[in-house]
Amino acid sequence: MRPLLYLLIALLPACSGLRQVSDSGFGAFEADIEVLDASTVAIAWYDTRHPKAEIYLRLLDPQLRPASPEFRLTRNDRDSYEVDIAVLGEHIAATWYEIDDSGHSVVKLGLWDRQGQTLWRRTLSTSHVDGRIPVIASTGSRLFVAWVESPIDDPRTLKTTKIVAMWFDDSGSQQGPTLAIAPASTSTWNLNIDLVSRGQEPTILLAYDSQHETRASELYLARVSGQQVLVSRLSDDDSYDSKYPDIAVRQKQVALTWFDKRFGNNEVHSSVRSIDALLSPDIGDSFEAQARRISHSAGDSIGAYISWNGDSLGLAWSDVDDGEEQHNIYFQRLDASGKPQSDIQQLNQSQADSLIPSIARYQAGFVLGWNEVSVAAHNIDARQSRSEIAVTRID
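Here the sequence shown is numbered in the working numbering, starting from 6 and rising by one per residue.
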């Protein structure tokens with residue numbers, strides 16, 4: 006174990022059951038956690054321990070102890086970022102994007118077994134566009150992947166950036182035409198999706214933010230049913246950025262969380278509404294006014310993510326409390342209407358920045374993963390970064 010790891014473990018004492026699961030020694034970032042079955046949790050991230058950022062995956066047992074080695078999923082001369090994973094039968098599907106030395110970015114999709122062996126790999130975006138921030142969902146033997154792309158032969162204006170999607174079968178073959186979901190903007194850096202229905206004609210809900218014909222970034226929801234796409238702007242054009250929505254669907258109830266600056270600094274908000282209400286033409290008149298403000302801290306509250314477990318919700322985010330200089334991870338349970346069921350709980354207290362929690366339901370509670378950044382050097386040299394992936398379980 007590298008000496009740095011002892012340091013980071015020492016920085017993570019506040020929550021019993023908190024574990025470090027990466028062994029980077031350099032930078033491990035942007036974890037995505039998924040439950041494979043009752044005895045196995047998977048967590049993926051991108052890692053700068055090599056000259057280029059690469060995608061890693063590890064399996065964990067019910068106590069979130071490592072149940073496999075760290076599987077390195079990518080090996081090339083490009084930087085690989087922002088992995089999203091999904092369960093496909095007994096296997097693990099992953100999507101991410103890669104950037105070459107010229108700045109061109111492409112979206113990737115692959116399937117792995119539980120021994121870390123590659124079953125297949127595909128390039129989804131074309132050489133004529135820059136593709137980024139893909140997200141993935143699975144239903145039966147099919148995969149749905151959506152991402153943002155911009156033509157590389159045009160200026161990256163609001164008119165050319167868009168969200169597209171594809172369906173794939175379990176062999177990696179595309180099913181049906183590419184779907185044009187909605188316009189996006191150069192400030193769109195977060196997509197999240199969930200399934201409404203399964204079967205032959207599944208329905209997907211996709212949440213994102215975009216500064217498209219608005220004065221600031223606002224929240225949008227797209228419903229994808231077959232080849233039909235319906236898009237609704239949720240938040241009002243109020244000149245305040247509403248950013249990074251996450252979505253979780255239970256039956257006909259949709260839980261959303263995001264952060265915005267309506268109260269002076271970034272604060273986390275949440276809302277539980279019906280699908281019909283969210284897609285109604287006048288939703289923007291009431292959505293933010295009826296939403297619940299979750300955080301009330303003096304610092305920026307960011308990176309909010311949400312998950313259903315039965316008729317309750319788990320909401321996790323990064324926050325800076327009074328007297329602190331760095332973000333820690335916070336959690337709150339909500340009932341089916343979005344009303345708090347518990348007090349806000351601080352899950353850790355470290356000298357590092359605890360950022361970008363990923364949350365999934367597990368048994369009667371939730372599992373979470375995030376990155377602990379002790380040295381941030383993205384804009385200088387990624388190899389100078391120091392960050393590791395931490396996980397915990399809430400029962």
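Built from N, CA and C at the ideal position, the CB exists for glycine as well.
Using CA atoms only, rank isn't needed, just tell me which of Ile399, Ser363 and Glu330 is closest to Ser347. Ile399
Please specify which runs of the beta strand (DSSP E), each continuous and at least 3 residues long, are wholly inside the stretch 193 to 250, giving them in chain order. 196 to 202, 208 to 215, 223 to 230 and 233 to 238
My output table needs one value for Ala187: the three-state DSSP class, helix, strand or coil. strand
According to DSSP, is Leu16 helix, strand or coil? Note on Leu16: pLDDT 44, under 50, position unreliable in the model; no value is reported.
Could you tell me which residues DSSP pairs with Ala49 in its beta bridges? Asp37 and Leu62
Buried versus exposed call for Lys344 [16 or more other C-beta atoms within 10 Å across all chains shown]: Taking all protein chains in view, the Cβ of Lys344 is surrounded by fewer than 16 other Cβ atoms within 10 Å, so the residue is classified as exposed.
Between the Cα of Ala91 and those of Asn197, Ser29 and Ile186, spot the shortest distance and give me the residue it belongs to. Asn197
Return helix, strand or coil for Ser359, following the three-state DSSP convention. strand
To the nearest whole angstrom, what separates the beta carbons of Asp322 and Val273, a pair I think is in contact under 8 Å? Before going on, a small fix: residue 322 reads as Trp here, not Asp. Right, the Cβ-Cβ distance comes to about 5 Å (below 8 Å), so this counts as a contact.
Under 8 Å: do the stretch 305 to 324 and the stretch 243 to 253 share three or more Cβ pairs, one atom per stretch? They touch, by the three-pair rule.
Spatial distance of Lys266 from Pro286 (CA atoms): Roughly 24 Å separates the two Cα atoms.
Looking only at its chain, what residues have a beta carbon closer than 6 Å to the beta carbon of Asp326, apart from the 5 residues adjacent to it on each side? Counting only Cβ-Cβ distances below 6 Å, and skipping sequence neighbours, we find Ser302.
When you compare only the Cα positions, how much space is there between Leu352 and His133? 44 Å
Nearest neighbour of Asp82, chosen from Ile168, Asp105, Asp316 and Leu62 [CA to CA]: Asp105
Which full runs of the beta strand (DSSP E) of 3+ residues lie inside the stretch 285 to 355, going along the chain? 307 to 314, 317 to 324 and 333 to 339
Which value, in whole angstroms, describes the spacing of the CA atoms of Leu200 and Ile138? When rounded, the distance between both Cα atoms is 19 Å.
For His217, is the classification buried or exposed, using 16 other Cβ atoms within 10 angstroms of its Cβ as the cut-off for buried? buried
Identity of the residues DSSP links to Pro71 by a beta bridge: Leu65
Where does Leu78 fall in DSSP's three states? coil
Give the single residue among Ile141, Phe292 and Gln256 whose Cα lies nearest to the Cα of Asp243. Per the Cα distances, Phe292.
If we require 4 or more residues per run, which alpha helix (DSSP H) segments fall completely within the stretch 107 to 163? none
With contact counted as at least three CB pairs below 8 Å, one residue from each stretch, are the stretch 52 to 59 and the stretch 116 to 123 in contact? no
Is DSSP giving Ala43 helix, strand or coil here? coil
At which residues does the beta strand (DSSP E) containing Pro261 begin and terminate? A quick correction: the sequence has Leu, not Pro, at residue 261. DSSP places Leu261 in the uninterrupted beta strand (DSSP E) bounded by Gln258 to Asp265.
Proximity below 8 Å, CB of Ile288 to CB of Ala296: The Cβ-Cβ distance between Ile288 and Ala296 does not fall below 8 Å.
When you compare only the Cα positions, how much space is there between Ser390 and Pro74? 22 Å
Look at the Cβ atom of Val169, then the Cβ atom of Trp194, and state whether they are nearer than 8 Å. Annotated as distal: Val169 and Trp194, with beta-carbon spacing of 8 Å or more.
Ordered along the chain, which non-local residues of its own chain (more than five positions away) have a Cβ less than 6 Å from that of Leu163? In this predicted model, Leu163 has a pLDDT of only 46, less than 50, meaning its place in the structure is not dependable; the value taken from the coordinates is given anyway. If we look at Leu163 and ignore the five residues flanking it on each side, its Cβ neighbours are Ser190 and His217.
With a threshold of 8 Å on Cβ separation, who are the neighbours of Asp158 within its own chain once the five nearest residues in sequence on each side are excluded? His133
In terms of alpha-carbon separation, which member of Thr123, Asp84, Ala98 and Thr100 lies closest to Gly108? The shortest C-alpha separation from Gly108 is found at Asp84.
Rounded separation between Ser130 and Val111 - CA only: 6 Å
For Arg126, which option in Ser176, Arg255 and Val140 has the closest C-alpha, if you only look at C-alpha atoms? When each option's Cα is compared against that of Arg126, the closest is Ser176.
Close beta carbons around Ile185, own chain, < 7 Å, minus the five adjacent residues each side: The amino acid at residue 185 is misidentified as Ile; the sequence shows Ala. Lys167 and Val169, listed in sequence order.
Cα-Cα separation between Thr79 and Ala294, rounded to whole angstroms: 44 Å
Let me confirm a value: Thr219 is counted as buried when at least 16 other C-beta atoms fall within 10 Å, else exposed. Which label applies? Classification for Thr219: buried.
Excluding the 5 residues flanking Leu239 on each side, which residues of the same chain have their C-beta closer than 7 Å to its C-beta? Leu224, Tyr225, Leu226, Leu283, Ile288, Gly289 and Phe292
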